[in-house]
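Numbering (UniProt numbering), first residue to last: 1 to 570.
Glycine included, every Cβ here is placed at the ideal spot set by N, Cα and C.
Below: the structure, in structure tokens.
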């Protein structure tokens, strides 16, 4: 039989061949491309070439490099805290429910600072002020005014720290909410410290209902009003190395400690917080940030000052309140997140949330999507998952329009169409929860690790890193059973942020040399890391060049991403 007999084809064969070729081309042309090339995600930390015995190498963010300088401020013009409120940015934005421009905000800060110095008699670098305030514009104005006058502020992560702080670090002046004033006066009277405190009250207070005490009570509005009439003489400018606040927090053992933060610590924290969002979608005055972190914590304050610097709108939720009404319900998750709607802000675009907020948001959206159409939901889930496995994610797909958009609107309201990034931290976040969150929200979900000693994030995953890895159990020789469970199932928190370097101590040298991932006690240092009160300044200089033990254990993967767990806990 001749060869030409084997090449004889009919019209049907030709048509089927063309259809097959067309389908092949369509599959390859319309296959989603990864948002980030896998090579860029394969090495997210730069690793020192040498390490000490029983220690890991030192890790830095790959974009900074081992020889790169740490960014200590957003731009060269932000030397101290007040510089974050750029005077040349005169576009109005909303902070909580107050619409204000930067020049107006700077004027109020100057007025309140002058009023405090004149009326309360505070002395720069000698006096200190305890801020017992809920998150709000009064907190921002008070904090910046004090920092500009070289008067350190004290903040508490919890009211349970109030009594020990009053006893061990009595402040020169206290600024508090009107609702908390009676309780505060009783507490001061019981501690026999009434003669040492002047109290500034935010809000209306009925003086007749107060107990008979010796305290001098001033009104916040009166101080600002009197300050507006005073001559704003030129004050000595603070230095970046000056301490502007001491933030007190509870330790895992049940005690308390404080961290001293300088102006440079906070500007570095703002620089690291800005870096969480990719430059291609950087923060701008068009954004509105909603945070679930209190301004009384360093990380919460870094988020707020990032919003100030970028000119964005900003608000917090009810759970951040230091002083809550008696019997107020404790909202967790989605209910708490919705409390930000009580402020007159635009629809949020960037969320800084705890893990329980994100889990609640994800679960509710997926439940609503399933209710709409169980059959379409299954198809939509499979297609969205396939895209994520390819490193691609969008909220503009056909399946979003058919299934997920309606569910998001029911759960998030106007924010369903505006939220473009979510940064989650503040508790264990399991790896198996990442993919459902990405499918439900279809925006970058950045896993962040913060710490009470750091004015900003310590670790953060790449915003467009959609990789998932199967669980890899940790050997029993490298960690306790609780640590092994945590390191197996927790989601990675990414590499160190742009101005933090970390190392692990107490690692198993034999296991590391055999190729195992290093596991050990986590230490960190960098310009955003403050100095604990429990470490004396002289000891801090000798403390291995500023390394701070975090009280946590960590495991680092070959691609330079970390998993972190509290020491001895899962």
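Distance, residue j Cα to residue i Cα
i, j, result
"residue 529", "residue 168", "23 angstroms"
"residue 651", "residue 490", "Residue coverage of the chain in this structure runs from 1 to 570, which leaves residue 651 outside it and unanswerable."
"residue 124", "residue 233", "14 angstroms"
"residue 437", "residue 423", "12 angstroms"
"residue 201", "residue 226", "15 angstroms"
"residue 582", "residue 35", "Not covered by the structure: residue 582. The range shown for the chain is 1 to 570."
"residue 19", "residue 386", "24 angstroms"
"residue 240", "residue 79", "6 angstroms"
"residue 140", "residue 161", "21 angstroms"
"residue 317", "residue 343", "9 angstroms"
"residue 323", "residue 136", "12 angstroms"
"residue 246", "residue 494", "28 angstroms"
"residue 560", "residue 44", "5 angstroms"
"residue 538", "residue 546", "Confidence at residue 538 is low in this model, with a pLDDT of 47, below 50, so the placement of that residue should be treated as unreliable; the coordinate-derived value is given next. When rounded, the distance between both Cα atoms is 11 angstroms."
"residue 370", "residue 347", "26 angstroms"
"residue 442", "residue 111", "45 angstroms"
"residue 257", "residue 138", "26 angstroms"
"residue 393", "residue 399", "12 angstroms"
"residue 282", "residue 518", "34 angstroms"
"residue 174", "residue 497", "35 angstroms"
"residue 122", "residue 172", "8 angstroms"
"residue 460", "residue 428", "14 angstroms"
"residue 252", "residue 53", "28 angstroms"
"residue 540", "residue 556", "Confidence at residue 540 is low in this model, with a pLDDT of 49, below 50, so its placement is unreliable and no value can be given for it."
"residue 98", "residue 315", "10 angstroms"
"residue 553", "residue 58", "15 angstroms"
"residue 208", "residue 166", "Interpretation of residue 208 is limited by its pLDDT of 48, a score under 50 that renders its predicted location unreliable; the figure taken from the coordinates is listed afterwards. Rounded to the nearest angstrom, the two C-alpha atoms are 25 angstroms apart."
"residue 433", "residue 332", "18 angstroms"
Cβ pair residue i, residue j closer than 7 angstroms
i, j, result
"residue 458", "residue 524", "yes"
"residue 352", "residue 84", "no"
"residue 411", "residue 368", "yes"
"residue 357", "residue 292", "yes"
"residue 128", "residue 152", "yes"
"residue 155", "residue 181", "no"
"residue 603", "residue 81", "Residue 603 cannot be examined here, being either before or after the span of the chain that is shown, 1 to 570."
"residue 306", "residue 157", "no"
"residue 527", "residue 70", "yes"
"residue 505", "residue 521", "yes"
"residue 431", "residue 366", "no"
"residue 415", "residue 93", "no"
"residue 471", "residue 488", "yes"
"residue 230", "residue 145", "no"
"residue 503", "residue 224", "no"
"residue 462", "residue 425", "no"
"residue 188", "residue 217", "no"
Where residue i falls, given that 16 or more other Cβ within 10 Å makes a residue buried
i, result
"residue 46", "buried"
"residue 17", "exposed"
"residue 143", "buried"
"residue 65", "exposed"
"residue 39", "exposed"
"residue 569", "Only weak support exists for where residue 569 lies, its pLDDT of 45 falling under 50; the coordinates are left without a value."
"residue 255", "exposed"
"residue 379", "exposed"
"residue 50", "exposed"
"residue 513", "exposed"
"residue 185", "buried"
"residue 67", "exposed"
"residue 12", "exposed"
"residue 249", "buried"
"residue 37", "exposed"
"residue 22", "exposed"
"residue 477", "Its pLDDT being 46, under 50, residue 477 is placed unreliably in this model, and the coordinates cannot settle the point."
"residue 260", "buried"
Identified DSSP bridge partners for residue i
i, result
"residue 153", "129 and 245"
"residue 633", "Limits of the chain in this structure are 1 at one end and 570 at the other, which puts residue 633 out of reach."
"residue 425", "354"
"residue 308", "According to DSSP, residue 308 bridges with nothing at all."
"residue 95", "98 and 314"
"residue 553", "521 and 565"
"residue 548", "524"
"residue 175", "131 and 200"
CB contact below 7 angstroms: residue i versus chain D
i, result
"residue 257", "Given the protein chain composition of this structure (a single chain), no chain D is represented."
Can you list, in chain order, the stretches of the alpha helix (DSSP H) that have 4 or more residues and sit fully within the region 339-411?
Secondary structure in the region 339-411: the alpha helix (DSSP H) runs of 4 residues or longer, each lying completely within the stretch, are 355-372 and 374-389 in chain order.
### Message
For a minimum of 3 consecutive residues, which ranges assigned as the beta strand (DSSP E) are wholly contained in the region 210-290?
### Response
Scanning the region 210-290 for uninterrupted beta strand (DSSP E) segments of 3 residues or longer gives 216-219, 243-250 and 256-262, listed from N- to C-terminal end.
Beta strand (DSSP E) runs wholly inside the region 18-60, at least 3 long, in chain order: The beta strand (DSSP E) runs of length 3 or more contained entirely in the region 18-60 are, from start to end of the chain, 45-47.
Ranges of the alpha helix (DSSP H) found wholly within the region 431-513, counting only runs of at least 4:
The region 431-513 contains these whole alpha helix (DSSP H) runs: 434-441, 481-489 and 509-513.
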